[in-house]
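Peer 1: In the working numbering, the protein residues as written are 1 to 223.
1. Okay, do the segment 32-49 and the segment 114-124 touch, 3+ Cβ pairs below 8 Å being the bar?
2. Counting along the chain, where does the beta strand (DSSP E) carrying residue 165 start and finish?
3. Can you say whether residue 23 is buried or exposed, counting buried as having 16 or more other CB atoms within 10 angstroms of its CB?
4. Do residue 198 and residue 212 have their C-beta atoms closer together than 8 Å?
5. Threshold first: 4 residues or longer. Then list the alpha helix (DSSP H) segments lying entirely within the segment 11-50, N to C.
6. Straight-line CA distance for residue 147 to residue 87?
7. Quick one, are the C-beta atoms of residue 187 and residue 203 less than 8 Å apart?
8. If you follow the alpha helix (DSSP H) that residue 214 is part of, which residue opens it and which one closes it?
9. Tell me which same chain residues have a C-beta within less than 8 Å of the C-beta of residue 161, skipping the five on either side of it?
Rendered as structure tokens:
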């Protein structure tokens, strides 16, 4: 289906949407002077404002810290990938013919990126009210049902350690793979005792996984 028909857009600048779905690999292959990265930057900010306002009004009793954690759950990469796939945005993506050059990590990242770049294009072309309406139909229902896309196990572990007066630290056990497709293995240490080992495409992701494993070992649920 035509992009504009699908999302009810009467565009004033069709080229914005061409930019929004143009990956850097396609730019290089066809020697273009644009890609979606600037629109992604803009869309990220617009998304944060819209979701922040909704959470601010929905939860007047919540302090800044809790609102920040809540927002992170609905704008994290896992959430953006879910929204993007639900909308079928990958159908409009332009990448180089040699897609095999893209790593798994890059493909995952692109799926999230185009949700934000598309939002950036909508904001510039249609304005904030249209952007709010677009986001409200996609995301607000998940906020209302308290859907969990991301649990910050590392922060939760720090809070647990502080409450119990435990020393929490992380140790790199191993890293392997080519520079743009590395895998990291991290261990979480609680009072110098290894309590979990995690894996991820960067240290932060591996630490999150390790913290999750530690909570499972301690039989503590994190919400």
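Built from N, CA and C at the ideal position, the CB exists for glycine as well.
Peer 2: This is what the structure gives:
1. In short, these stretches touch, since the Cβ pair count reaches three.
2. Along the chain shown, one-based indexing puts residue 165 at 165. Residue 165: not part of any beta strand (DSSP E); DSSP gives it neither H nor E.
3. Taking the chain shown and counting its residues from 1, the one referred to as residue 23 is at position 23. Counting Cβ neighbours within 10 Å, residue 23 comes out buried, since at least 16 surround it.
4. As a working mapping, residue 198 is identified with position 198 in the chain shown. As a working mapping, residue 212 is identified with position 212 in the chain shown. Their beta carbons are under 8 Å apart, which means residue 198 touches residue 212 by this criterion.
5. 14-20, 24-30
6. Position 147 of the chain shown, counted from the start, is the residue given in the question as residue 147. Position 87 of the chain shown, counted from the start, is the residue given in the question as residue 87. Computed Cα separation, rounded: 18 Å.
7. Locating residue 187 in the chain shown gives position 187, where the first residue counts as 1. Locating residue 203 in the chain shown gives position 203, where the first residue counts as 1. Cβ atoms of residue 187 and residue 203: not closer than 8 Å.
8. Counting from one through the chain shown, the residue named residue 214 turns up at place 214. It spans 203-218 - the alpha helix (DSSP H) in which residue 214 sits, taken as one unbroken run.
9. Residue 161 sits at position 161 when you count from the first residue of the chain shown. Cβ within range, chain order: 167, 168, 190.
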